[in-house]
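Q: Residue numbers (the numbering used here): 937 to 1899.
1) May I have the straight-line CA-CA distance separating residue 1438 from residue 1502, to the nearest angstrom?
2) Near residue 1717, what residues of its chain come up, given a Cβ to Cβ distance below 7 Å and the 5 sequence neighbours on each side ignored?
3) Which of the three DSSP states is assigned to residue 1213 in this structure?
4) Could you give the C-beta distance for residue 1013 and residue 1036, rounded to a whole number, given that I count them as a contact under 8 Å?
5) May I ask you to verify whether the segment 1223-1231 touches the segment 1240-1247, counting CB pairs closer than 8 Å and requiring at least 3?
6) Pull up the CB-CB distance for residue 1207 and residue 1321, whole angstroms please, since I reckon it's below 8 Å.
7) Figure out for me which residue from 1705, 1745, 1799, 1738 has the closest Cα to the Cα of residue 1723.
8) Any chance the segment 1556-1572 sits against the segment 1449-1458, with 3 or more Cβ pairs inside 8 Å?
9) With 16 as the cutoff for other CB atoms within 10 Å, does residue 1655 come out buried or exposed?
10) Do residue 1893 and residue 1836 have their CB atoms nearer than 9 Å?
11) Report the CB separation of residue 1266 from residue 1245 in whole angstroms; it is logged as a contact under 8 Å.
12) So what does residue 1656 bridge to, in DSSP terms?
13) Give the DSSP bridge partners of residue 1329, in chain order.
14) With respect to the alpha helix (DSSP H) encompassing residue 1111, which residues constitute its N-terminal and C-terminal limits?
15) Report yes if the C-beta distance between residue 1815 and residue 1896 is below 9 Å; otherwise report no.
16) In the DSSP assignment, the beta strand (DSSP E) including residue 1246 goes from what residue to what residue?
17) From 1413, 1593, 1203, pick the residue whose C-alpha is nearest to that of residue 877; which is it?
18) Which residues bound the alpha helix (DSSP H) around residue 1715?
19) Pairing CB atoms from the segment 1743-1757 with CB atoms from the segment 1852-1862, are three or more of them under 8 Å?
20) Could you say which of 1323, 1477, 1550, 1584 lies nearest to residue 1599 if we only look at CA atoms?
21) Alpha carbon to alpha carbon, what distance is there between residue 1357 and residue 1891?
22) State the DSSP-derived secondary structure class of residue 1280, mapped to helix, strand or coil.
23) Inspect the beta-carbon positions of residue 1530 and residue 1558 and report whether they are closer than 9 Å.
24) Starting from residue 1812, trace the alpha helix (DSSP H) in both directions and tell me its first and last residue.
25) Grab the span of the beta strand (DSSP E) containing residue 1605 for me, first residue to last.
26) Tell me which same chain residues have a C-beta within less than 8 Å of the C-beta of residue 1685, skipping the five on either side of it?
27) Could you pull out every residue in the same chain whose Cβ sits closer than 6 Å to the Cβ of residue 1329, ignoring the five residues on either side in sequence?
28) At a cut of 8 Å, does the segment 1663-1673 reach the segment 1723-1737 through at least three beta carbon pairs?
29) Is residue 1022 helix, strand or coil when you go by DSSP?
30) Below 8 Å on the Cβ atoms is my guess for residue 1430 versus residue 1795; work out the distance and round it to an integer in Å.
31) Which class does residue 1682 belong to by DSSP, given the choice of helix, strand or coil?
32) So is residue 1227 buried or exposed if we call it buried at 16+ other beta carbons inside 10 Å?
33) With distances taken between CB atoms, is the gap from residue 1483 to residue 1545 smaller than 9 Å?
34) Helix, strand or coil for residue 1687, going by three-state DSSP, please let me know.
35) For the beta strand (DSSP E) containing residue 1227, name the first residue and the last one.
36) Report buried or exposed for residue 1772, applying the criterion of at least 16 other Cβ atoms within 10 angstroms of its Cβ.
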């Protein structure tokens, strides 16, 4: 490479060197890589007003008349919240940015948001400023110090890579000092020095005792300051500045770290990075991702490729938290794991309120957030090291001070115990000067560290959301916990919107199929404003039936690469809570110009089928069109018309669609589709007064609309896969977890019920056979439990997935996609563009195909989180209803049990709850419990229960009492 490169004549502003380095692949193979590094002389300093630098389109937004801060690695790694909230006019050397990316993708992503916010303050780029960064623009600049001749450091082999990075940062800071006028302060900012063997390696610039000196007394000084020292300068202008600084271990802990003494250590020491990689390469250790079971911070599993390992107890977890990438050692002879919390002892000063307890409720009720269950995994493991942390912001509440240890000393700093709303996360210690202000509030905390001498992780406060049990606050918690983007659409995004009185012009209408003279209508839930779809039905002259599905043509307004498009691609989905929604697109589109409201001309993308006399599809066509919906029905209104004796055109159309839908549905189940069920709840409320809670009623019209939407999605999937066999965006549904179905089969066999699941057809036949029994509640409970055994459906693109895995198990379809909801799902927007390109209507930029993999990951994450937001919102409203109305007595079906609790499904209310009981015996294979009173309770028994609201530690749950 070097020889051939020498023959190329470089421009005068470029020089070149060769860099060699080693990289470990995912299969533990180590490869030697060679890279050419080009050194430029024309890279700007990032100060917009600088006249000595070469100008460029991305010169930067730094202010030359303000202090310039040079950030080091540990400042970003340990003090990212402080950087987000308090710092501005900062230079991040590329050396620092690359090391942050290597250590933590989570912090790297937050760093990128800061940089985007800084660019978007003046640049004409897309605005993606995170709502948590505040409204004032932060000025940040990435300086390519390793590509700038004046700041480059040669690789000589005489220093380690870490020491070279330190020299690069130092040289970068010195260059800024020499480059800028003496009146501009240049500060090399380092993290507060903590030292210690359990901490991440500190930067050289983090070493204490470095003086602010200059070799030439006539030159201005390069100042060196700690985060604390700089915070003292900011204190007069930034309120609560010290609250944003990461927590530091106390003096005693630092002393223990320096001596590396195991005395009083609560956890084993983690392996070093090199020890972990050597062990993984030799096969002694394995790398994987830790997943905790819902409701548990001490029981989970680690996925290592195709292998899964169970992990139990805080000792084996060894300070790993849900989502961390960990290095594990397989336990060949499992033994009961010691919970570190159990080391408190009778004389311990640490109460149970600090250590926390397992929340069995949600774990019993709904394991659908978990891919595995304890009974599915036999091998066990323990964590020996952390490869990469996955810490995020956590919402929760402080335990009232009178229930913990009052650590108020001679300062106004108080140590408090923070309880995350996510029970998979352990309690967190925080030090705060705002103790009294935070009581009774929902707050946001980040984790700063967890050393082996600390019972729990320690962190710091970053935000206050509002009062506990306030509906607005609790909804904000749900959205924040699931990373939902709630910021307002920026002015730049809204500038791309058409005027509110927009109408399609004659040229646009001429390019489209005109359905306005045909009967078209929509059927949706009550109050629906973002109407994605409408249906058409008519008899043709040849005696056949034409059915059309018309979908809002969102892509007419949202062009690829536009700010609107980029915003939608980041949000991915509209998020629906019980009482509100967070839109993927601005409301001018979602509830007005795109929504297929009645009596308005609307653009659409349509799928049209022709059914012959045998109710078989004989022709399918796709066309962009324009419609005028005759009426917007609710499901109930449409059902009432079908059930009535009317014979007008719209009633005949509804009845015809209903008849065809039932035929399509029957054929789908005959092929092997599975009919599943989830408990859905409907609430009646006014402001904060929740007046009624009941099970959501499904009409035949729900299924009618569903059937034609499914048919449209299958038809479109077939078309785009035919045109783009390696880039089609599909939605696949893997087969269910067999171990879960086997456990369900064993339980049903105890009741004399036959349950086969070899194929999807076998499974659906078993469900229908049990549904035909005279106990509809049993059938409903069984379908819900079967749903829990299902794998999650995911988005994929055909070039990244084996063709055998395209299949959608639940629908028994070889190909499936999402086309019918582009107002609220970005996947549908992409599919609309693919279909238009497949039909030759529009051109699709092939550059987007290379982004499909990452886009699918974002789609899956956002879609999954949106579903959980809806569930958590229903759970919140159910809790508030029972708190306001008092306990409710009702009948329920037992759907699960353990040695401590019984889980029941209250059919009339559509909710689940756990009942604590005095259980003296538990038979795991049959899930039969024996109570102290001698009563035996089995799976699927019908029982009478009293439901109540429970809010221990402000985690809202529904509890049941067996009567």
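Heads up, the beta-carbon is just placed ideally off N, CA and C, and yes, glycines get one too. As the structure is a computational prediction, the values presented were derived from the model and not from experiment.
A: Answer, in terms of the structure:
1) Here the alpha carbon of residue 1438 sits roughly 23 Å from the alpha carbon of residue 1502.
2) These residues qualify, in order along the chain: 1829, 1831, 1841, 1876.
3) Here residue 1213 sits in helix by DSSP.
4) Between the beta-carbon of residue 1013 and that of residue 1036 there is about 6 Å, and that keeps the pair under the 8 Å contact cut.
5) As far as the Cβ criterion goes, the segment 1223-1231 touches the segment 1240-1247, which means the pair count is three or higher.
6) The C-beta separation of residue 1207 from residue 1321 comes to about 4 Å, placing the pair in contact by the 8 Å criterion.
7) Cα-wise, what sits closest to residue 1723 is 1745.
8) As far as the Cβ criterion goes, the segment 1556-1572 touches the segment 1449-1458, which means the pair count is three or higher.
9) By the neighbour-count definition (other C-beta atoms within 10 Å, threshold 16), residue 1655 is a buried residue.
10) Not in contact: residue 1893 and residue 1836 (Cβ atoms no closer than 9 Å).
11) In this structure residue 1266 touches residue 1245 by the C-beta definition: roughly 6 Å separates them, less than 8 Å.
12) DSSP, once it has assigned bridges, lists no residue as partnering residue 1656.
13) Bridge partners of residue 1329: 1382.
14) Note, residue 1111: alpha helix (DSSP H), 1097-1115.
15) Contact: no.
16) 1243-1248 is the span of the beta strand (DSSP E), which, as asked, contains residue 1246.
17) A question about residue 877 goes unanswered here, because the residues of the chain that appear run from 937 up to 1899.
18) Start and end: 1712-1725.
19) They do not touch, by the three-pair rule.
20) Nearest option by C-alpha distance: 1550.
21) Computed Cα separation, rounded: 6 Å.
22) In this prediction, residue 1280 has a pLDDT of 35, which is less than 50 and means its spatial position is unreliable; nothing more can be read from the coordinates.
23) Cβ atoms of residue 1530 and residue 1558: not closer than 9 Å.
24) Here the alpha helix (DSSP H) through residue 1812 covers 1788-1821.
25) Unbroken run through residue 1605 is the alpha helix (DSSP H), 1585-1607; no beta strand (DSSP E).
26) 1691.
27) Sequence-distant partners of residue 1329 (beyond 5 residues in either direction) whose C-beta falls short of 6 Å from its own C-beta, in its chain, are 1380, 1382.
28) Yes: at least three Cβ pairs fall under 8 Å.
29) Correct three-state label for residue 1022: helix.
30) No, residue 1430 and residue 1795 are not in contact; Cβ-Cβ is about 24 Å, not under 8 Å.
31) Note: residue 1682 maps to helix in three-state DSSP.
32) Flag for residue 1227 reads buried.
33) Using a Cβ distance threshold of 9 Å, residue 1483 and residue 1545 count as a contacting pair.
34) Coil.
35) Following the DSSP letters along the chain, one finds residue 1227 inside the beta strand (DSSP E) bounded by residues 1222-1228.
36) The residue is buried, with at least 16 neighbouring Cβ atoms inside 10 Å.
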